[in-house]
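To start, the structure under review is shown below, and the notes come after it.
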Amino acid sequence: MQEGEIKVTDEDVKKYYDENIDSFTTGAGANMEHILVKVADTDTDDYKKKCDEAVKTIEKEITDGTTFDELKTKYTADGIDTNMYVVEDLGFVQYEQPNYDTAFLAGAKEVKEGEISKAVKSSFGYHFIKVEGIKDKEVKPLEDVKAQITTTLENEQKNAYYNAKLEEWTKAAKIEKFEDRMQ
99 MQEGEIKVTD
109 EDVKKYYDEN
119 IDSFTTGAGA
129 NMEHILVKVA
139 DTDTDDYKKK
149 CDEAVKTIEK
159 EITDGTTFDE
169 LKTKYTADGI
179 DTNMYVVEDL
189 GFVQYEQPNY
199 DTAFLAGAKE
209 VKEGEISKAV
219 KSSFGYHFIK
229 VEGIKDKEVK
239 PLEDVKAQIT
249 TTLENEQKNA
259 YYNAKLEEWT
269 KAAKIEKFED
279 RMQ
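Basically this note's numbering = 1-based index in the sequence shown + 98.
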């Protein structure tokens with residue numbers, strides 16, 4: 099093969115797409131924000147009691163109609179105990195995400211569009227999760243990723259060609275590598 103002979107067929111693209119379908123799939127999930135009341139099993143009983151009171155306060159505020167934006171403002175204000183409260187916009191989070199607490203994800207999955215969860219206990223403490231933009235699992239159609247796959251396959255062919263040529267030239271030039279001297 100010469101550099102100009104690189105060809106990617108529709109069959110090559112389809113095979114790559116089928117073999118790598120997971121990379122063209124976005125799992126079900128939603129845009130999530132949360133307020134976390136941090137508490138661990140190793141915390142003192144006094145601290146745990148203080149956290150339980152904080153959770154009850156937030157639950158009451160939600161029941162009384164306080165918006166999530168108002169809660170975010172309150173729990174990020176100056177003077178708030180940042181060791182106890184964490185407020186984060188997590189962006190889009192898939193429900194099957196290996197680097198998230200499973201209890202958190204299970205709780206988030208139960209929340210309806212635009213609503214705020216009840217307290218969700220995780221290994222980090224208690225979360226109040228707001229969910230928006232819920233999406234089902236989505237697979238990008240082949241037509242939408244065909245150009246990307248073609249480029250990937252062309253680059254793979256070019257790399258294979260260049261590596262083969264480099265090896266051929268190295269052998270022809272009788273170049274020796276002294277690995278123990280390379281630093």
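Note that the Cβ used here is the ideal one computed from N, Cα and C, for glycine as well. Please read these numbers as outputs of a predicted model, since none were measured by experiment.
**Study point:** ILE178 to PHE202 span [Cα, whole Å]
**Key:** Their Cα atoms are separated by approximately 23 Å.
Review point. Using CA coordinates, which residue listed in THR249, GLN246, GLY223, ASP234 is at the minimum distance from LYS148?
Key: Ranking THR249, GLN246, GLY223, ASP234 by Cα distance to LYS148 puts GLY223 first.
Review point. CB MET95 to CB ALA206, shorter than 8 Å?
Key: Lying outside 99 to 281, the shown extent of the chain, residue 95 is not represented and no answer is given.
Check your understanding: Would you call the stretch 149-160 and the stretch 254-267 touching, i.e. three or more CB-CB distances under 8 Å?
Key -> Here the stretch 149-160 does not lie against the stretch 254-267, with fewer than 3 beta-carbon pairs under 8 Å apart.
Practice item. Please state whether DSSP places GLU213 in a helix, a strand or coil. Key: GLU213: coil per DSSP, three-state reduction.
Review point. Which class does ALA138 belong to by DSSP, given the choice of helix, strand or coil?
Key: Three-state DSSP puts ALA138 in coil, outside helix and strand.
Check your understanding: Among the residues of its own chain, which have a CB less than 6 Å from the CB of ALA126, if the five just before and after it don't count?
Key -> Scanning its chain for C-beta atoms nearer than 6 Å, with the 5 sequence neighbours on each side dropped, one finds around ALA126 the residues TYR193, ASP234, LYS235, in chain order.
Point to revise | Touching by the beta-carbon criterion (3+ pairs, under 8 Å), the stretch 100-116 and the stretch 245-264 | key: They touch, by the three-pair rule.
Review point. Residues bridged to ASN129 by DSSP?
Key: According to DSSP, ASN129 bridges with PHE190, GLU230.
Review point. Going by beta carbon distance, what residues of the same chain come within less than 6 Å of GLY231, once the five residues before and after it are set aside?
Key: Cβ neighbours of GLY231 within its own chain (closer than 6 Å, five residues either side excluded): ALA128, ASN129.
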